[in-house]
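Numbering (the numbering used here), first residue to last: 12 to 312.
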Ligand SMILES: [Zn+2]
């Protein structure tokens, strides 16, 4: 098995993670759902690490075909077929009632099947019409939460439940598979077609003045306390030296404000440096390139 494209959090999730400690998110639930979704995808990755035969894994693809955008959590390319996996991180007991998905307390949830079918259909069209590839696709929902149960599910449902992870993995590893250049080319073409930013991306409006300032702990996202040459997290005990804490905060600033100039006063305010302010200047000159002079100077990568 070879991973052609690794997974990373979407820009949307990265931004919300950075905003969360610094402001009240208007839709906390939306953010929590993104975190849960991502946690489930990481479980899918761990499971796919069990692949032993000749295959290519392409993660986290955002593709567009005929004006329609679709997202794929993981694709596994074997010699004679492609597996498409859509991770679902639902927790608890659910049941199927005439194709409706409900929780045990009878709340209806959106059925994940139509989305899977849409994905499969668009991918298959894209492969045939644009990449001239005719490999059959098998698409599955993968329920990655260990405490998930679905009652009344038909064996025909294209789903893999936590209790089936081992047997399904064995089945995949028993597929005879010998890849050639055409498979690698296919994976490369799919990665090249990947859209980096989803048009559905949504995050709240924010500006520099409104966000809470300070250095946020990399472990638990609480604000850290400046103590001489280090920052300490009162919540989890994490310690970090000035340079690394400031540098990390600058990187965070850049994600949140990609068009803003990085200047010494901005970063002093952003990190809420109250002790020796020269450490900000030292970090900036060491890791960035200075542009301009005196009070008008700013820093770029
Ligand atoms: Zn902490």
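Note that beta-carbon positions come from the ideal geometry of N, C-alpha and C, so glycine has one too.
{"Asked": "Near ligand 1: residue 282 beta-carbon under 7 Å from a heavy atom", "Found": "no"}
{"Asked": "Residue 237 versus residue 107: straight-line alpha-carbon distance, rounded", "Found": "53 Å"}
{"Asked": "In chain order, each beta strand (DSSP E) run of at least 3 residues that lies wholly inside the segment 18-92", "Found": "67-76, 79-88"}
{"Asked": "Distance, residue 251 Cα to residue 243 Cα", "Found": "7 Å"}
{"Asked": "Run of the beta strand (DSSP E) containing residue 214, from where it starts to where it stops", "Found": "From DSSP, residue 214 is part of no beta strand (DSSP E); its letter is neither H nor E."}
{"Asked": "Buried or exposed by the 16-neighbour rule on C-beta atoms within 10 Å, applied to residue 114", "Found": "exposed"}
{"Asked": "Buried or exposed by the 16-neighbour rule on C-beta atoms within 10 Å, applied to residue 191", "Found": "exposed"}
{"Asked": "CA-to-CA distance, residue 166 to residue 227, given in whole angstroms", "Found": "48 Å"}
{"Asked": "Residues near residue 97 by beta carbon distance below 6 Å, same chain, minus five either side", "Found": "84, 127, 152"}
{"Asked": "Whole-angstrom distance between residue 76 and residue 51, CA atom to CA atom", "Found": "26 Å"}
{"Asked": "Residue 260 Cβ short of 7 Å to ligand 1 heavy atom set", "Found": "no"}
{"Asked": "Assigned exposure category for residue 158 - 16 Cβ within 10 Å defines buried", "Found": "exposed"}
{"Asked": "Beta strand (DSSP E) runs wholly inside the segment 200-282, at least 3 long, in chain order", "Found": "235-238, 241-244, 250-252"}
{"Asked": "Uninterrupted alpha helix (DSSP H) stretches inside the segment 118-160 (no shorter than 4 residues)", "Found": "124-140"}
{"Asked": "Whether residue 62 touches residue 155 by CB criterion (8 Å)", "Found": "no"}
{"Asked": "Residue from 109, 290, 210, 235 with nearest C-alpha to residue 78", "Found": "210"}
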